[in-house]
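Residue numbers (this note's numbering): 200 to 619. Even glycine gets a Cβ: it sits at the ideal position worked out from N, Cα and C.
So, in structure tokens, the structure goes:
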């Protein structure tokens, strides 16, 4: 049983499973970390309601909203940032320390790896102390006659990290919007990750939701405890819980002209499967390349290609006659499998999508933001593309009719429709 950030894409999940296999582990299932955390708090055992899990880990931030009913944990939405975490808060403290040392001694220490490592540990220690006290001190031996004493207050630290915490709150609001909920409809807010001990985090969440977050368990241990709970379910030792996670980004294929045809929509509950029929536009086409994409935009140029599948052996037919059923299946680990079948000939092809590269920095967040900001522009481009495709198909069909039977092949009303 392995846990992953809820906002890991298909490539990152596959990389996690592959790393586990290389280490000799038999992975029964991947569980999203926020879902595991909610299990650890036991919120589903004694009550029903809506849970928001705020997970600020070392390297990533996730927020998920779940509905719990009779022991069934259903994820309603997920959001986050795979490039934002507690390490970024430590980095701001490191920059503050380097600046203070430079002002007091004139020394520029930023390029020394040993200094960087030492300051990173010191920054983490300062962060922890400032979560419990209003002030913290740090003594630094810089090789001089006496040690340097650096002092920082909690107010200074919270002012420093406020923009990053504001980004997490923005993700929380986006998750609420995706789940079609208001803040007042959330019954419990669960904290996960060591950086959620920072008072500013708890204050911001209490301000948003009107009540303090649920923090009865050690936030560093909640995910591991939840994973153990789910492992007991899979082992048959517990049968009163059921997890239902979601797909973080929409999945689909490229169609004529570069349009993105989505088969599985973002926030669909996994496991899930969708099938749609497609056809060809070229006569005597015996093979089809299915390019698989992930994203939220309307054109593949604005989405990310994660794999491809080739269907061959299709008998030669006129354009538009082949019937190709494409099936997307996402398993409980959110791993995608794609299959295609030409219904007239029975030819089939299938593949498990195994992308080799993860998303670029901030790309997941950028995908969601751009899908909203450019929605109108995208739909206009998609509509223009579809109109061009229809016009080309109409012209192609007309040419075929004229070539086979001439003008007499068209009835008067059909001729009028073509001209119009």
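Close-in-space but distant-in-sequence residues of the same chain around residue i (CB under 6 Å, 5 per side omitted)
| i | result |
| --- | --- |
| residue 144 | Outside the shown range of the chain, which is 200 to 619, sits residue 144, and nothing can be said about it. |
| residue 514 | 544 |
| residue 349 | 299 and 337 |
| residue 329 | 335, 353 and 356 |
| residue 204 | 232, 259 and 261 |
| residue 428 | 238 |
| residue 526 | 474 and 538 |
| residue 251 | 264, 385 and 388 |
Residue range of the unbroken alpha helix (DSSP H) whose run includes residue i
| i | result |
| --- | --- |
| residue 261 | First-last for residue 261: 260-268, but that is the beta strand (DSSP E), not the alpha helix (DSSP H). |
| residue 401 | 398-408 |
| residue 236 | 232-239 |
8 Å contact criterion, which residue i and residue j should meet: CB distance rounded
| i | j | result |
| --- | --- | --- |
| residue 351 | residue 361 | No, residue 351 and residue 361 are not in contact; Cβ-Cβ is about 15 Å, not under 8 Å. |
| residue 508 | residue 539 | 6 Å |
| residue 253 | residue 262 | 6 Å |
| residue 346 | residue 339 | 6 Å |
| residue 426 | residue 276 | In fact, because the Cβ distance is near 22 Å, the residues do not count as touching under 8 Å. |
| residue 512 | residue 479 | At roughly 14 Å, the Cβ-Cβ gap does not stay under 8 Å, so residue 512 and residue 479 are not in contact. |
| residue 523 | residue 510 | 7 Å |
| residue 447 | residue 529 | No, residue 447 and residue 529 are not in contact; Cβ-Cβ is about 11 Å, not under 8 Å. |
| residue 392 | residue 256 | 4 Å |
| residue 418 | residue 395 | 5 Å |
| residue 491 | residue 467 | With a Cβ gap of about 16 Å, residue 491 and residue 467 do not count as contacting. |
| residue 289 | residue 323 | 5 Å |
Residue environment, residue i, which counts as buried when at least 16 other CB atoms sit within 10 Å
| i | result |
| --- | --- |
| residue 403 | buried |
| residue 578 | exposed |
| residue 199 | The requested residue 199 is not part of the displayed model; the chain covers only 200 to 619. |
| residue 285 | buried |
| residue 474 | exposed |
| residue 589 | exposed |
| residue 616 | Unreliable positioning characterises residue 616 in this predicted model, as indicated by a pLDDT of 29, which lies under 50. The coordinate reading is nonetheless provided below. So residue 616 ends up on the exposed side. |
| residue 221 | exposed |
| residue 370 | buried |
| residue 503 | buried |
| residue 379 | exposed |
| residue 547 | exposed |
| residue 501 | buried |
| residue 312 | exposed |
| residue 388 | buried |
| residue 302 | exposed |
Neighbourhood of residue i by C-beta distance below 7 Å, restricted to the same chain and skipping five residues each side
| i | result |
| --- | --- |
| residue 368 | 403 and 407 |
| residue 359 | 291 and 295 |
| residue 235 | 202, 422, 425, 426 and 429 |
| residue 219 | 201 and 226 |
| residue 488 | 507 and 509 |
Contact set for residue i: own chain, Cβ-Cβ below 8 Å, skip 5 residues either direction
| i | result |
| --- | --- |
| residue 498 | 457, 458, 459, 577, 580, 581 and 584 |
| residue 554 | Residue confidence for residue 554 is low, a pLDDT of 42 falling below 50, so the modelled location carries little weight; the figure read from the coordinates is stated next. Here the set comprises 209, 210, 213, 505 and 506. |
| residue 587 | 456 |
| residue 486 | 509, 510, 511, 512 and 513 |
| residue 216 | 201, 226, 229, 532 and 534 |
| residue 326 | 285, 288, 289, 292, 356, 394 and 397 |
Beta strand (DSSP E) segment containing residue i, residue limits
| i | result |
| --- | --- |
| residue 498 | From DSSP, residue 498 is part of no beta strand (DSSP E); its letter is neither H nor E. |
| residue 538 | 535-541 |
| residue 453 | 450-454 |
| residue 472 | 471-477 |
| residue 458 | 458-463 |
| residue 524 | 523-529 |
| residue 546 | Run containing residue 546: none; DSSP gives neither H nor E here. |
| residue 503 | 503-511 |
| residue 488 | 486-493 |
| task | Return the chain-ordered ranges of every alpha helix (DSSP H) run that is complete within the segment 326-389 and spans a minimum of 4 residues. | result | 353-377
Margin query: Report the start-end ranges of each alpha helix (DSSP H) in the segment 279-318 that is 4 residues or longer and not cut off at the edges.
Written below: 285-304
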